[in-house]
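Taking it in order: structure first as structure tokens, then the write-up.
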Amino acid sequence: MQQAQTDQYLSAVLQSSGSHPQFLETLFSFLHRRTDFYVIDDVLNFKNGTARMGFPKGRALEMVKEAMANQKFKESLTELTVYIPNLPPKTTSKCCKIAIKPSSLSVIVSDRKLLVGEFERKVNLSECIWSLDKEANTLQINLEKVEKTWWASPTKEDLYKIDCGKVDSTMRVDEYDESTQGKIREIMYQQNEERRKIASGEVQPPIPPHLADRERDLSLD
Numbered sequence: 003m004q005q006a007q008t009d010q011y012l013s014a015v016l017q018s019s020g021s022h023p024q025f026l027e028t029l030f031s032f033l034h035r036r037t038d039f040y041v042i043d044d045v046l047n048f049k050n051g052t053a054r055m056g057f058p059k060g061r062a063l064e065m066v067k068e069a070m071a072n073q074k075f076k077e078s079l080t081e082l083t084v085y086i087p088n089l090p091p092k093t094t095s096k097c098c099k100i101a102i103k104p105s106s107l108s109v110i111v112s113d114r115k116l117l118v119g120e121f122e123r124k125v126n127l128s129e130c131i132w133s134l135d136k137e138a139n140t141l142q143i144n145l146e147k148v149e150k151t152w153w154a155s156p157t158k159e160d161l162y163k164i165d166c167g168k169v170d171s172t173m174r175v176d177e178y179d180e181s182t183q184g185k186i187r188e189i190m191y192q193q194n195e196e197r198r199k200i201a202s203g204e205v206q207p208p209i210p211p212h213l214a215d216r217e218r219d220l221s222l223d
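So for the sequence shown, the working numbering puts the first residue at 3; every next one is plus one.
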């Protein structure tokens with residue numbers, strides 16, 4: 003019931019906004035004006051419990067990154083599923099040009115490039131399919147991997163990396179071949195280092211392209 007009410011409210015905002023970019027602008031403007039989402043406090047204040055509002059530097063963008071990644075991708079050892087939500091109204095299969103190749107993926111909807119890039123590893127083309135959920139207004143692409151291993155991202159060019167700690171896996175690391183074991187440990191090490199540096203304030207997460215201009219504008223306020 004709560005989800006239905008939320009969908010109703012957000013649908014009204016989207017309709018009044020007139021476009022998806024304007025909807026996002028409205029959403030982040032609300033967070034800026036009415037919440038502490040953009041307030042930055044020293045990371046030490048969070049560690050010693052004296053912080054009263056806001057987040058450590060870079061954490062707000064990391065939250066956006068995590069939310070978007072969780073909505074778009076789901077991975078297991080054998081397959082990767084890509085979800086592309088919020089398609090243009092009245093999108094049909096004829097509007098979708100999906101080109102799945104052994105080493106690359108191209109997703110174009112209503113002449114807009116939504117996802118184009120090369121895979122980290124090859125996929126089994128005969129077992130890859132895509133479908134359009136008109137009720138949810140979401141495109142779903144199922145990719146079967148040739149090798150049973152983890153990918154850090156759906157495509158090499160993708161900004162948002164998959165959290166390998168959330169991968170559906172029932173196999174131990176030592177059950178894989180040496181090459182796969184090395185890849186798994188490398189990804190896990192990189193993610194642990196990234197989390198450590200973000201938590202300590204040493205580095206700031208990559209800024210998604212559609213938020214870069216927004217952050218520059220806020221820095222001028």
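No residue lacks a Cβ here, since even glycine has one placed at the ideal position from N, Cα and C.
Using a 10 angstroms sphere on the CB of glycine 184, the tally of other CB atoms stays under 16, which defines it as exposed. Only residues of its own chain outside the window of five on either side were considered, and among them Lys99 have a CB closer than 6 Å to the CB of isoleucine 110, listed in chain order. Inter-residue distance for aspartate 9 and glutamine 17 is about 12 Å (C-alpha atoms, whole angstroms).
Taking a C-beta distance under 8 Å as the contact criterion, proline 58 and aspartate 43 qualify as a contact pair.
Counting only residues of its own chain and dropping the five nearest sequence neighbours on each side, serine 108 has a CB closer than 6 Å to the CB of Ala101 and Val118. Secondary structure in the segment 136-161: the beta strand (DSSP E) runs of 3 residues or longer, each lying completely within the stretch, are 140-146 in chain order. In the structure shown, the three-state DSSP call for cysteine 97 is helix. Going by DSSP, serine 108 is part of the beta strand (DSSP E) stretching over 106-111.
Taking the Cβ atoms as the reference, glutamate 81 lies roughly 23 Å from glutamate 137, outside the contact range of under 8 Å. Straight across, the Cα-Cα distance linking isoleucine 143 with threonine 52 is about 45 Å. Per DSSP, the unbroken beta strand (DSSP E) holding threonine 83 starts and ends at 81-86.
Here the C-alpha atom of phenylalanine 32 lies approximately 17 Å from the C-alpha atom of serine 21.
The C-alpha of lysine 158 lies about 9 Å from the C-alpha of arginine 123. In the DSSP annotation of this structure, the continuous segment of the alpha helix (DSSP H) that includes phenylalanine 32 starts and ends at 22-36. Around phenylalanine 25, the same chain offers Val15, Leu16 and Ser19 as residues with beta carbons nearer than 8 Å, after the five sequence neighbours per side are excluded.
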